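Only one structure is covered here, and it is reproduced in the block below.
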Amino acid sequence: MEHGTPTITIDFFGLPIMFDLSTSLMIVITCLVVFFVLFFMTRKLAVRPTGKPQVLVEALVNFVKGMISSNMAWKQGGKFHFMAITLIAFIFVANIIGIPFTIILPDADHTLWWKSPTADPTVTLTLAGLMIVLTHYYGVQARGLGTYVKSYFQPMWFMAPIKFIEEFTYNLTLGLRLYGNIYAGEILLLLLVSLITTGGVLGAVGGFIPLMVWQGFKLFISAIQAFIFVMLAMVYLSHKLSDDH
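Start counting the sequence shown at 1; every next residue gets the next number (full-length UniProt numbering).
Written out as structure tokens, the structure is:
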């Protein structure tokens with residue numbers, strides 16, 4: 001079944017810019033979920049935590065710290081700690097938010113509203129592009145503009161075009177890997193939901209168990225993809241900060 005996408009187009013000095021309203025809505029909802037969940041889990045901090053919420057947050061903090069420390073010295077990478085925590089929390093919630101249910105309006109286009117925002121390549125490529133830009137920014141900040149640019153022509157000057165192409169492929173692989181995994185999961189969930197809702201009794205019975213199994217598997221995949229995205233971002237950062245780039 002084909003699903004419509006609610007969009008709005010804004011004219012920006014003669015250039016039409018299209019916004020996917022459902023994706024924009026889900027990004028806002030994801031941000032609110034991450035903010036309020038972490039807020040309520042950390043509002044009663046104690047030196048010796050007695051509740052599970054603080055323990056879980058501390059486990060996440062230490063887990064991300066380990067990811068950073070495995071790629072660069074903590075003195076160098078500590079400033080990326082909160083950025084990495086925010087990134088992994090956002091991506092994980094964005095990956096799983098489309099799992100519980102799907103909202104499709106009963107109109108002629110079967111407009112899809114509720115979905116994982118990371119099932120949209122625009123979102124994942126934007127996240128990847130943002131991280132690549134940040135790696136360049138911090139690389140120049142740490143090593144100086146001259147040294148940083150010179151590193152693209154080392155060890156031989158003719159290596160520069162290959163290194164420039166690598167920067168483009170980093171963005172594609174980082175963003176499309178996340179998009180492909182989440183989008184495939186969303187499509188299968190939609191197919192199973194359609195089977196349950198339109199297949200009668202046999203469809204409901206035959207589709208319910210696979211739906212539950214796939215939701216659990218997609219939860220696992222969502223966590224893995226959030227981990228991979230942040231880990232690769234830290235790897236790219238460590239390469240830009242080091243002199244052997």
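For glycine and all other residues, C-beta sits at the position ideal for the given N, C-alpha and C. Model, not experiment: these values are computed from the prediction.
Out of the options, which has the shortest C-alpha to C-alpha gap to residue i?
i       : options                               : result
Leu-232 : Phe-40, Arg-48 and Met-67             : Met-67
Pro-53  : Glu-167, Phe-36 and Tyr-236           : Phe-36
Ile-224 : Leu-190, Met-212, Tyr-179 and Leu-237 : Tyr-179
His-239 : Asp-120, Gln-76 and Phe-39            : Gln-76
Thr-126 : Leu-237, Phe-229 and Phe-13           : Phe-229
Ser-222 : Ile-10, Ser-22, Leu-190 and Ile-88    : Ile-88
Gly-57  : Ala-73, Thr-86 and Trp-74             : Looking at the sequence shown, residue 57 is not Gly but Val. Nearest C-alpha to Val-57: Thr-86.
Thr-23  : Tyr-138, Leu-189 and Thr-122          : Thr-122
Thr-124 : Gly-14, Phe-40, Val-213 and Phe-90    : Phe-90
Tyr-152 : Ile-165, Val-34 and Ala-142           : Ile-165
Glu-186 : Lys-65, Phe-217, Thr-30 and Ala-73    : Phe-217
Val-61  : Ser-70, Phe-82, Val-213 and Val-47    : Phe-82
Pro-210 : Ala-226, Phe-227 and Leu-188          : Leu-188
Ser-242 : Ser-70, Ala-46, Phe-80 and Ala-142    : Ala-142
Is residue i buried or exposed, if buried means 16 or more other CB atoms sit within 10 Å of its CB?
i       : result
Pro-16  : exposed
Asp-120 : buried
Asn-181 : buried
Leu-192 : buried
Phe-92  : buried
Thr-30  : buried
Gly-175 : buried
Phe-12  : exposed
Phe-80  : buried
Ile-226 : The identity of residue 226 in the sequence shown is Ala, whereas the question assumes Ile. The residue is buried, with at least 16 neighbouring Cβ atoms inside 10 Å.
Could you name the residues that DSSP lists as bridge partners for residue i?
i       : result
Met-231 : Met-231 is not bridged to any residue.
Phe-12  : Leu-15
Cutting at 8 Å between CB atoms, please list the residues of its own chain near residue i, excluding the five before and the five after it.
i       : result
Pro-106 : Reliability fails at Pro-106, whose pLDDT of 49 lies under 50, so the model's placement of it is uncertain and the value that follows must be treated cautiously. Cβ neighbours of Pro-106 beyond the five flanking positions: none.
Met-26  : Ala-94, Ile-97, Gly-98, Trp-114, Lys-115, Ser-116 and Pro-117
Thr-9   : Pro-16, Ile-17, Met-18 and Phe-19
Ala-46  : Gln-54
Could you spell out where the alpha helix (DSSP H) holding residue i opens and where it closes?
i       : result
Met-156 : Run containing Met-156: none; DSSP gives neither H nor E here.
Trp-114 : Trp-114 -> no alpha helix (DSSP H), and no H or E assigned at all.
Asn-62  : 52 to 69
Arg-143 : 121 to 143
Gly-77  : 74 to 77
Val-93  : 81 to 96
Beta strand (DSSP E) containing residue i: first to last residue?
i      : result
Pro-16 : 15 to 20
Enumerate in chain order the residues of its own chain whose CB-to-CB distance from residue i is below 6 Å, with the five nearest sequence positions on each side excluded.
i           : result
residue 268 : As shown, the chain starts at 1 and ends at 245. That puts residue 268 outside it, with no answer to give.
Met-131     : Ala-233
residue 246 : The question about residue 246 has no answer here: the residues shown for the chain are numbered 1 through 245.
Met-41      : Pro-53 and Val-57
Met-72      : Ser-238
Take residue i and list the residues in its own chain whose beta-carbon comes closer than 7 Å to its own, dropping the five residues that flank it on each side.
i       : result
Tyr-148 : Gly-139 and Val-140
Ala-160 : Tyr-152 and Phe-153
Val-34  : Ala-89, Phe-90 and Val-93
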